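>
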Amino acid sequence: MEFWELERKLIEFRDARGWKRYHTPKNLAISAAVELGELLEHFQWDSDEEILESVKDPGKEEAIADEIADVIIYLTLLAHELGIDLNEALERKIRKNELKYPAPERPP
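If you read the sequence shown in the working numbering, its first letter stands for residue 782, the second for the next number, and so on.
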């Protein structure tokens, strides 16, 4: 699914509930940060090894996936409100990163 399809579904969901008035750029940016904080709680005191072990539990994996989805939802809605095409923005950023961080001739 491309971002515009996801965006369309999110806008339909939002509009069916009358939530557009709350979805200002400031509120969406704050909401994305709040959800990112909730995601970080899952990693706060654990080592990388402990985290990788914990996500083998389906409930823990789903909880983390839900928080990641919440962050993506709010960022997608923010991009919509600002008129940013996420497909284009991601492709452009990948190209910039390729120029800024070229791959070594021999992978490490």
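Think of the CB as a built atom: it goes at the ideal place given N, C-alpha and C, for glycine as much as any other residue. Because the structure is a prediction, the values reported are computed rather than measured.
Go ahead and label L871 buried or exposed: buried means 16 or more other beta carbons lie within 10 angstroms of its beta carbon, across all protein chains shown.
Its Cβ having fewer than 16 others within 10 Å, L871 is exposed.
> Would the region 800–820 count as touching the region 831–849 if we require 3 or more Cβ pairs under 8 Å?
Yes: at least three Cβ pairs fall under 8 Å.
> Measuring only the C-alpha atoms, how far is I865 from W826?
Going by the C-alpha atoms only, they are around 36 Å apart.
> Which residues in the same chain as A844 place their Cβ atom closer than 8 Å to its Cβ, once the five residues preceding and following it in sequence are excluded?
The answer, listed in chain order, is H823.
> Our contact map puts F784 next to L867 with C-beta atoms below 8 Å; I'd like the distance itself, whole angstroms only.
Sure, about 4 Å apart at Cβ, within 8 Å.
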